[in-house]
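For reference, the structure discussed in these notes is given below.
Protein chains in written order, with my numbering: chain Z, 86 to 398; chain S, 32 to 376.
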């Protein structure tokens with residue numbers, strides 16, 4: 086399962102005037118110009134959906150593979166194969182472990198990478214391209230190279246590598262290309278220096294500035310980075326298998342070997358769940374806090390309180 | 032009683048000297064504008080006052096207390112930035128409330144203070160809006176309200192009007208002055224816009240290359256610039272080649288012009304810097320020339336006149352509507368009393 090890097094959308098339109106004409110203004114596009122994006126969209130959708138549909142037919146249709154054709158398109162669909170996996174005890178153990186690994190990886194990634202990205206943007210902007218290069222290395226160097234490294238250090242670090250959670254640091258590294266880019270895009274969209282200066286001039290220390298100003302304004306980036314990291318962890322097979330840790334992907338691999346049809350059903354479920362999760366992220370990051378107390382109400386309450394206090398005295 | 036003093040403040044960024052040795056005193060309730068071109072060190076001075084940068088040497092004093100090494104969040108300063116610096120995730124009211132929360136003021140007092148200050152900037156009706164739902168002018172008023180809400184000892188304004196359109200800029204400029212006068216808050220205002228500085232300030236500090244060239248009232252800075260740089264930077268200036276002809280006179284072409292003082296030797300070639308309003312059209316006895324442009328500006332007309340003898344075009348202000356067209360012959364007289372004589376090296 087390879088996660089897709091999605092450029093985060095940062096909270097609301099910018100307050101500063103932007104240069105250039107607004108979107109939609111200018112020369113009307115030709116018919117060809119209007120057609121091309123639609124064709125690309127349709128081709129992409131087909132490219133994305135066709136393998137899933139084929140997988141769905143193989144996993145969920147109780148029809149021998151050689152007979153899968155247009156005439157059997159609607160025959161014998163059943164969720165029985167997929168639901169069978171829920172009865173497997175190891176499935177739940179692997180899922181729990183993968184979720185634990187994902188949670189740990191997300192936490193450590195946020196804890197390490199967010200301050201680093203902020204620091205690089207604020208204090209050493211010249212180092213940005215270097216940091217970007219470093220963070221993209223896990224993308225260029227295949228996971229199998231990392232595995233080779235692990236094999237080398239394994240005799241000396243058995244105490245650490247024996248733990249299921251020993252995968253977390255490696256997953257943090259593997260997720261770097263996605264997470265750093267997400268933070269970087271979020272920080273680029275903010276007038277970071279001014280916001281930090283404004284916060285500090287109002288008496289906020291670094292802790293308050295990060296928690297009250299930066300984190301809320303990087304909400305979208307943080308959510309995307311977290312989901313991308315989780316997606317990397319939930320889909321990573323090579324490292325887990327090397328360290329003999331049975332997280333979800335090694336379990337899936339074994340399950341497919343044992344029960345191919347149900348196994349691919351589980352894979353399909355995982356893909357659909359990930360897609361739905363990212364759709365949910367898009368919705369989540371648009372939503373404003375509905376419970377926000379309005380100033381008018383708060384000011385009225387304050388006035389009431391002070392009136393009461395005056396009456397009491 | 033709050034005063035702000037820079038005592039021999041020096042700041043460098045690598046090999047670049049941003050501030051050479053700045054000595055500046057802002058009196059209680061005074062508004063001083065630091066005026067100068069980009070890179071002259073005015074924003075660095077402001078950032079040092081705010082605590083975002085630290086001086087390499089010298090001291091910054093607030094009411095005679097040394098705050099040179101005090102971190103930004105421990106100084107009681109209010110600052111308004113050039114770019115709209117409102118926190119996008121907070122409403123207008125919550126933006127104003129931010130500084131009060133960090134000071135751990137109780138909720139009732141905070142709400143009252145926010146209401147008061149939003150009322151002062153006439154934006155109480157926008158309290159529940161988010162920054163992206165208000166205009167640029169409103170955003171800067173909110174930023175001003177936010178800076179004032181914490182009752183700062185000193186207000187620092189870093190080109191707060193430069194991102195606004197002309198009309199809003201004028202309105203907000205007047206509003207800043209009104210509020211500053213009403214609250215009597217000691218204020219340092221940084222701008223590169225001379226009109227803004229002239230209109231709003233008690234005193235103007237004109238800066239160039241990290242040095243304070245002149246610190247004086249707007250009228251003095253305009254009428255009696257202390258250097259050729261100040262003369263050129265503040266207001267419009269005509270530059271005429273001339274020759275020194277005594278302690279109080281110069282020769283422009285064949286015409287003698289009385290000036291307040293010359294420091295150069297007799298016969299030295301100089302550049303005479305004269306404001307357009309110190310040139311006037313006369314019927315006889317002036318420098319002859321031809322009108323090249325005639326620009327009507329409402330209350331005045333600006334004429335471009337090419338002087339025959341010097342072959343330079345000068346700007347001449349004429350009150351009201353000048354009944355002249357390009358190509359017409361005129362004569363221009365120079366009032367040199369407020370002119371600056373610049374040596375030609």
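Beta carbons are placed, not taken as given, at the ideal position from N, Cα and C, and that holds for glycine.
Note that the coordinates shown come from a computational prediction; the quantities given were computed from them, not determined experimentally.
Can you give me the start and stop residues for the alpha helix (DSSP H) that residue i sits inside?
i	result
residue 172/S	167–180
residue 309/Z	304–320
residue 273/Z	252–273
residue 133/Z	116–145
residue 363/Z	345–369
residue 160/Z	Looking at the DSSP string, residue 160/Z is not in any alpha helix (DSSP H), and its letter there is neither H nor E.
residue 264/S	259–264
residue 199/S	197–214
residue 221/S	Careful: residue 221/S lies outside any alpha helix (DSSP H), inside the beta strand (DSSP E) at 217–222.
residue 148/Z	Segment: none, residue 148/Z is in no alpha helix (DSSP H) and carries neither H nor E.
residue 167/Z	165–169
residue 79/S	73–81
Please report the straight-line C-alpha distance between residue i and residue j, rounded to a whole angstrom.
i	j	result
residue 206/S	residue 152/S	8 Å
residue 360/Z	residue 127/Z	18 Å
residue 164/S	residue 91/S	38 Å
residue 342/S	residue 319/S	11 Å
residue 48/S	residue 83/S	17 Å
residue 40/S	residue 309/S	38 Å
residue 294/Z	residue 206/Z	15 Å
residue 378/S	residue 218/S	Absent from the model: residue 378/S. The displayed extent of chain S is 32 to 376, so no value can be given.
Just list the residues that DSSP pairs residue i with in beta bridges.
i	result
residue 344/S	337/S
residue 282/S	274/S and 287/S
residue 47/S	44/S
residue 247/S	235/S
residue 147/S	For residue 147/S, which the question treats as bridged, DSSP gives no partner whatsoever.
residue 126/S	In DSSP, residue 126/S forms no bridge with anything.
residue 269/S	305/S
residue 242/S	239/S
residue 35/S	57/S and 93/S
residue 179/Z	According to DSSP, residue 179/Z bridges with nothing at all.
residue 349/S	332/S
With a cut-off of 8 Å, does the C-beta of residue i fall near any C-beta of chain Z?
i	result
residue 289/S	no
residue 119/S	yes
residue 116/S	yes
residue 286/S	no
residue 329/S	no
residue 201/S	no
residue 168/S	no
residue 407/S	Nothing can be reported for residue 407/S, as the shown portion of chain S is limited to 32 through 376.
residue 37/S	no
residue 332/S	no
residue 72/S	no
residue 100/S	no
residue 268/S	no
residue 130/S	yes
residue 93/S	no
residue 220/S	no
Between which two residues does the beta strand (DSSP E) harbouring residue i extend?
i	result
residue 111/S	108–111
residue 326/Z	Where residue 326/Z is concerned, there is no enclosing beta strand (DSSP E), although the alpha helix (DSSP H) it sits in stretches over 323–327.
residue 90/S	88–93
residue 189/S	185–189
residue 362/S	360–365
residue 63/S	62–66
residue 286/Z	No beta strand (DSSP E) contains residue 286/Z, which is instead part of the alpha helix (DSSP H) from 277–286.
residue 371/S	371–374
Just checking: is the beta-carbon of residue i within a distance shorter than 8 Å of some beta-carbon in chain S?
i	result
residue 301/Z	yes
residue 285/Z	yes
residue 292/Z	no
residue 289/Z	yes
residue 207/Z	no
residue 195/Z	no
residue 105/Z	A caution first: residue 105/Z carries a pLDDT of 40, below 50, which makes its placement in the model too unreliable to give a value.
residue 298/Z	yes
residue 157/Z	no
residue 279/Z	yes
residue 282/Z	yes
residue 276/Z	yes
Quick check on the DSSP output: what are the complete beta strand (DSSP E) runs of length 3 or more inside the region 298–324 of chain S, in order along the chain? Restricting attention to beta strand (DSSP E) runs no shorter than 3 residues, the region 298–324 of chain S encloses them at 300–305 and 310–313, ordered along the chain.
Which ranges would you report for the alpha helix (DSSP H) in the region 193–247 of chain Z if only whole runs of at least 4 residues count? Fully enclosed alpha helix (DSSP H) runs of 4 or longer: 213–225, 228–238 and 243–246.
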